[in-house]
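S.K.: Okay, so the sequence shown: first residue is 69 according to the working numbering, each after it adds one.
Note that CB positions come from ideal geometry on N, CA and C, so glycine has one too.
Just so you know, these numbers come straight off a predicted model, no measurement behind them.
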Amino acid sequence: MITLMRRYRKSLQVGLLFVVAAFVASLFVFGTRGFDGDGSPDTVATVNGERIPLERYQRRYQAYYDAYAQIYRERFSSELAERLGLAQQVVNDLVQETLVVQRARAEGLELSDEELNARVQAVPAFQEGGRFVLKRYEEFLRRRGLGAAAFEEDIRRELTRARVEAAVRGGVKVSEVEIEQAFAMRREEVRAAWALVDLGPLVAAATATDAELQDYLAKHGDEFRQPERRRVQYVLLAQKDFAKPVPEAEAERYYAAHPKEFESPRQVRAAHVLARVPETGGSAAEDTARAKIADVIRRAKAGEDFAKLAKELSEDPGSAPNGGDLGLVSPGEVVPQFEQALFALKKGEVSAEPVRTPFGFHAIKALDVRAGGRKPLKDVAAAIRERLGAEAAEAAARARAEALRPELQAAKDFDAAAKKLGLTPLASTLARNERLAGLGVADPLEDAAFALAVGGVSAPVKTPTGLVVLKAVEALPAGVPPLAEIKTKVAVAAQRQKAEAVAAERARQLATDARAGDFAAAAKKAGALTGETPRFSRAKPAEKLPGDAQVAALETPTGHVTAPVKTPQGSYVLKVLERVAPDTSGLATEREKIQRELLGRKQSLAWESWIAAARQGAKIEVSSRLPGRRRG
69 MITLMRRYRK
79 SLQVGLLFVV
89 AAFVASLFVF
99 GTRGFDGDGS
109 PDTVATVNGE
119 RIPLERYQRR
129 YQAYYDAYAQ
139 IYRERFSSEL
149 AERLGLAQQV
159 VNDLVQETLV
169 VQRARAEGLE
179 LSDEELNARV
189 QAVPAFQEGG
199 RFVLKRYEEF
209 LRRRGLGAAA
219 FEEDIRRELT
229 RARVEAAVRG
239 GVKVSEVEIE
249 QAFAMRREEV
259 RAAWALVDLG
269 PLVAAATATD
279 AELQDYLAKH
289 GDEFRQPERR
299 RVQYVLLAQK
309 DFAKPVPEAE
319 AERYYAAHPK
329 EFESPRQVRA
339 AHVLARVPET
349 GGSAAEDTAR
359 AKIADVIRRA
369 KAGEDFAKLA
379 KELSEDPGSA
389 PNGGDLGLVS
399 PGEVVPQFEQ
409 ALFALKKGEV
419 SAEPVRTPFG
429 FHAIKALDVR
439 AGGRKPLKDV
449 AAAIRERLGA
459 EAAEAAARAR
469 AEALRPELQA
479 AKDFDAAAKK
489 LGLTPLASTL
499 ARNERLAGLG
509 VADPLEDAAF
519 ALAVGGVSAP
529 VKTPTGLVVL
539 KAVEALPAGV
549 PPLAEIKTKV
559 AVAAQRQKAE
569 AVAAERARQL
579 ATDARAGDFA
589 AAAKKAGALT
599 GETPRFSRAK
609 PAEKLPGDAQ
619 VAALETPTGH
629 VTAPVKTPQG
639 SYVLKVLERV
649 APDTSGLATE
659 REKIQRELLG
669 RKQSLAWESW
679 IAAARQGAKI
689 EVSSRLPGRR
699 RG
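1. Counting C-beta neighbours from all protein chains within 10 Å, is the total for Ala682 16 or more, i.e. buried, or is it exposed?
2. What is the DSSP secondary structure of Val188, counted as helix, strand or coil?
3. Quick one: what does DSSP say Lys608 is sitting in, helix, strand or coil?
4. According to DSSP, is Arg424 helix, strand or coil?
5. Count the other CB atoms within 10 Å of the CB of Thr556; is the residue buried (16 or more) or exposed (fewer)?
6. What three-state label does DSSP hand Gln684 in the structure shown?
7. Let me know the beta strand (DSSP E) ranges lying completely inside the stretch 227 to 303, each 3 residues or longer, listed in chain order.
8. Ignoring anything shorter than 3 residues or poking outside the stretch 612 to 663, list the beta strand (DSSP E) runs there in chain order.
9. Could you give the residue range of the beta strand (DSSP E) that holds Thr531?
10. What runs of the beta strand (DSSP E), each 3 residues or longer, lie entirely inside the stretch 344 to 419?
11. Between Ala420, Ala631, Ala572, which lies nearest to Arg583 when the distance is taken from Cα to Cα?
12. Can you check the stretch 477 to 501 for any beta strand (DSSP E) of at least 3 residues that lies completely inside it and give the ranges in chain order?
13. Roughly how many whole angstroms lie between the Cα atoms of Glu318 and Leu520?
14. Give me, in chain order, the residues of the same chain whose beta-carbon lies closer than 8 Å to that of Glu676; leave out the 5 immediate sequence neighbours on both sides.
15. Taking 9 Å as the cut-off, decide whether the C-beta atoms of Val168 and Val232 are in contact.
16. Since Val341 contacts Ser382 with CB under 8 Å, what's their CB separation in whole angstroms?
17. Considering only residues of the stretch 136 to 223, which uninterrupted alpha helix (DSSP H) runs meet the minimum length of 4 residues and lie entirely inside it, listed in chain order?
18. CB-CB under 7 Å to Leu551, same chain, minus the five flanking residues each way: which ones, in chain order?
19. With a cut-off of 8 Å, do at least 3 Cβ pairs link the stretch 247 to 267 to the stretch 595 to 613?
20. Compare the C-alpha of Arg297 against each of Ala135, Ala516, Arg199, Pro389 and name the closest.
21. With a threshold of 16 other CB atoms inside 10 Å of the CB of Arg442, please say whether the residue is buried or exposed.
22. Where does the unbroken beta strand (DSSP E) through Val537 begin, and where does it stop?
23. Out of Val437, Val403, Arg424, Gly428, point me to the one whose CA is closest to Lys415's CA.
24. Quick check: what's the CA-CA separation for Ala463 versus Asp447?
25. Is the Cβ-Cβ distance between Lys566 and Ala461 less than 9 Å?
26. Rounded to whole angstroms, what is the Cα-Cα separation between Ala569 and Val115?
27. Let me know the secondary structure DSSP gives Ala465 once reduced to three states.
28. Would you report the Cα separation of Glu291 and Ala276, rounded to the nearest angstrom?
29. Would you decide whether His628 is buried or exposed? Buried here means 16 or more other CB atoms lie within 10 Å of its CB.
30. May I ask you to report which of helix, strand or coil DSSP gives Phe91?
31. Using the Cα positions of Leu209 and Ala216, report the straight-line distance between them to the nearest angstrom.
32. Is Gln408 buried or exposed, if buried means 16 or more other CB atoms sit within 10 Å of its CB?
33. Report the rounded CA-to-CA distance for Leu394 versus Ser387, giving the unit in angstroms.
34. Check whether the Cβ atoms of Thr626 and Arg606 sit closer than 9 Å, and answer yes or no.
35. Can you tell which of Gly268, Glu178, Arg299 has the C-alpha that lies nearest to the C-alpha of Arg224?
36. Among Ala649, Ala543, Glu257, which has the Cα closest to the Cα of Gly523?
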């Protein structure tokens, strides 16, 4: 729960991706913004004649965009959004929602006006003292430029979709027979003899002529395609070569001049009991959850053990087994309502009233309080000296690099100039890696190399080991290099292909011979490695046998031989020697887990099937021009 609460605060506020509370939270944080869409149609799609207006698309797109932006922060960009196909994701979501709402409307499942009013009035953002205040609602809409009709329609549609999905999933059951079958499949054990036509010796023995290599390259060019590259020469000024000890007095001065850096925040070790409020629970569910937590608070204040109450009553599976303990919480790590209540408590105190958050109602106890304050100099002096030393070394290395760069730029012979300056010249080839902007770690050397014209010398580039000054020597275009450049790689691939064909053929013959006669004799004839497994099952796999080979054995009757199984090591053939039925006495302890997993899978399949049925025969038209860039 603490993880979920922290994630919720930092990135879960993603508008219509969640139901009312999260939707409203996203608008509080982000508001609504438009798109650069001059000349765009006012309809982005139609579903069975029902239009999806541009305004709804804009709101949903912004919710998606801000969700990604919260996760990737400054690394996210409009360009990345376009490369991810964000516009199409949004349209797909809206089309699916429309199909669901249409079918819900036909089946009488659409949210009524009364139900919608109840949901809106239950949003904490529109309440004071637990009661809905119309002025707060109107002010919310006014500040964000939202019309009540559009806002409420979005909520109606999202909650209708949630209701339909809950109804579909709720109609799924798991029978006792299914549980028993799943248990048997997991726990049934087999023992098998195996034979491996080992690929290693076959690869070593394989040969390929130049003509065969050329033919292989022509058929498998994509395996060897290389991105755009740059050949470079460079010198490294290692930071360690410029390191000097930092006097204690300097560390003391830094400590005195930067007091805020060494302040530790106040922390509270929290425990809680949670009563969840279902998304479609309504006021009755609110009252039930509140009453449950009020009773927990009463019992805790009367002297009952809070941890025991949490274990027995909390609906947070993550913390309940630990007595509701959430560990140390710092400011900003949990949702605001929980944080405000928690940090108002003294050590050992329990919240006076149930605390409402988007997760439900909580009883909160402060198990321990750690006062914030300034860390002593003795605890941070070493870290300060290390940091100051690193900064000084980097500055000295940069000054040296900047001083020698003009000579390297002017030199016709980079290597000779580097040696004259007392440096060791190096050379390499850098590839242009395909990284989505904002994802992955940028390579500063790569960026510098591709920013240079051929013959250009870069400014000092910071790397983990020091500063690099590099010269772009040659630009190599993307494509498949000539065979001469990659002959070794092509030879390895071609030889492996030949070896795999030989291994597959030997394994096929081995399986045929084994079915007709003695397994060991067939394996010996094929030159295969052999062995036997201990008993294994899906729940307790064999240690050294590849997973695909294990699955083949588990699916093969006793006394029978599997088809060849291709693995990175070679081709396996197995004979099932023994099959042991599971001990059904163990079913009782696993029943709940198996039922939960089966139910989850069946519910997902049921919802996917429901959506597929709704799409069947539907007339869907999507605009060819989807706005995908936001302003500002």
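M.R.: From the atom records:
1. In the sequence shown, the residue the question calls residue 682 occupies position 614. Under this definition Ala682 is a buried residue.
2. Sequence index remark: in the sequence shown, residue 188 carries index 120 (1-based). It is helical.
3. Start at 1 with the first residue of the sequence shown, and residue 608 comes out as number 540. Residue state, collapsed to three classes: coil.
4. Here residue 424 corresponds to residue number 356 of the sequence shown, with the count starting at 1. In the structure shown, Arg424 adopts extended strand secondary structure according to DSSP, grouped into three states.
5. Here residue 556 is taken as the residue at index 488 of the sequence shown, counted from 1. Counting the other CB atoms within 10 Å of its CB gives Thr556 a total below 16, which places it among the exposed residues.
6. Numbered from 1 along the sequence shown, position 616 holds the residue referred to as residue 684. Three-state result, Gln684: coil.
7. Listed in chain order, the complete beta strand (DSSP E) runs (minimum 3 residues) inside the stretch 227 to 303 are 257 to 266.
8. With a minimum length of 3 residues, the unbroken runs of beta strand (DSSP E) contained wholly in the stretch 612 to 663 fall at 633 to 635, 638 to 648.
9. Working through the sequence shown from its first residue, we reach residue 531 at position 463. Segment 529 to 531, the beta strand (DSSP E) holding Thr531.
10. Runs of beta strand (DSSP E) with 3 or more residues, each lying fully within the stretch 344 to 419, are found at 393 to 397, listed in chain order.
11. The count along the sequence shown starts at 1 and reaches residue 583 at position 515. The shortest C-alpha separation from Arg583 is found at Ala631.
12. Entirely contained in the stretch 477 to 501, the beta strand (DSSP E) runs reaching 3 residues are, in chain order, 494 to 499.
13. By 1-based counting over the sequence shown, the position of residue 318 is 250. By 1-based counting over the sequence shown, the position of residue 520 is 452. Answer to the nearest angstrom: the Cα atoms are 40 Å apart.
14. Numbered from its first residue, the sequence shown carries residue 676 at position 608. Closer than 8 Å at the Cβ level, and outside the excluded window around Glu676, lies no residue.
15. Mapped onto the sequence shown, residue 168 falls at position 100. Mapped onto the sequence shown, residue 232 falls at position 164. Their beta carbons are under 9 Å apart, which means Val168 touches Val232 by this criterion.
16. For the purposes of this step, residue 341 is taken as residue 273 along the sequence shown, with counting starting at 1. For the purposes of this step, residue 382 is taken as residue 314 along the sequence shown, with counting starting at 1. So it is a contact: roughly 4 Å between Cβ atoms.
17. Restricting attention to alpha helix (DSSP H) runs no shorter than 4 residues, the stretch 136 to 223 encloses them at 146 to 151, 154 to 174, 181 to 189, 202 to 211, ordered along the chain.
18. As a working mapping, residue 551 is identified with position 483 in the sequence shown. Hits under 7 Å: Leu281, Gln282, Leu285, Val558.
19. When Cβ pairs closer than 8 Å are counted between the two stretches, the stretch 247 to 267 is seen to touch the stretch 595 to 613, the count reaching three or more.
20. By 1-based counting over the sequence shown, the position of residue 297 is 229. Of the candidates Ala135, Ala516, Arg199, Pro389, the one whose C-alpha sits nearest the C-alpha of Arg297 is Ala516.
21. For the purposes of this step, residue 442 is identified with residue 374 of the sequence shown, where counting begins at 1. With fewer than 16 Cβ atoms within 10 Å of its Cβ, Arg442 is classed as exposed.
22. Locating residue 537 in the sequence shown gives position 469, where the first residue counts as 1. Run containing Val537: 534 to 544, per the beta strand (DSSP E) assignment.
23. Counted from its first residue, the sequence shown places residue 415 at position 347. Cα-wise, what sits closest to Lys415 is Val437.
24. On the sequence shown, residue 463 is found 395 positions in, with the first residue counted as 1. On the sequence shown, residue 447 is found 379 positions in, with the first residue counted as 1. If you take the alpha carbons of Ala463 and Asp447, they lie about 26 Å apart.
25. Translated into the one-based positions of the sequence shown, residue 566 becomes position 498. Translated into the one-based positions of the sequence shown, residue 461 becomes position 393. Their beta carbons are not under 9 Å apart, which means Lys566 does not touch Ala461 by this criterion.
26. Here residue 569 refers to the residue found at position 501 of the sequence shown. Here residue 115 refers to the residue found at position 47 of the sequence shown. The C-alpha of Ala569 lies about 51 Å from the C-alpha of Val115.
27. In the sequence shown, counting from the first residue as 1, residue 465 sits at position 397. Three-state result, Ala465: helix.
28. Taking the first residue of the sequence shown as position 1, residue 291 is located at position 223. Taking the first residue of the sequence shown as position 1, residue 276 is located at position 208. Computed Cα separation, rounded: 18 Å.
29. Translated into positions along the sequence shown, residue 628 becomes position 560. By the neighbour-count rule (16 or more Cβ atoms within 10 Å), His628 is not buried but exposed.
30. For the purposes of this step, residue 91 is taken as residue 23 along the sequence shown, with counting starting at 1. At Phe91 the pLDDT is 44, less than 50, meaning the model places this residue with poor confidence; the figure from the coordinates comes in the next sentence. Note: Phe91 maps to helix in three-state DSSP.
31. Stepping through the sequence shown from its first residue, residue 209 is reached at position 141. Stepping through the sequence shown from its first residue, residue 216 is reached at position 148. Answer to the nearest angstrom: the Cα atoms are 7 Å apart.
32. Position 340 of the sequence shown, counted from the first residue, corresponds to residue 408. Its Cβ having fewer than 16 others within 10 Å, Gln408 is exposed.
33. Along the sequence shown, read from residue 1 onward, the residue named residue 394 stands at position 326. Along the sequence shown, read from residue 1 onward, the residue named residue 387 stands at position 319. In a straight line, the C-alpha of Leu394 is about 6 Å away from that of Ser387.
34. As a first step, residue 626 must be located in the sequence shown, where it is residue number 558. As a first step, residue 606 must be located in the sequence shown, where it is residue number 538. No, they are not a contact pair.
35. Stepping through the sequence shown from its first residue, residue 224 is reached at position 156. Per the Cα distances, Glu178.
36. Within the sequence shown, numbered from 1, the residue matching residue 523 stands at position 455. Nearest C-alpha to Gly523: Ala543.
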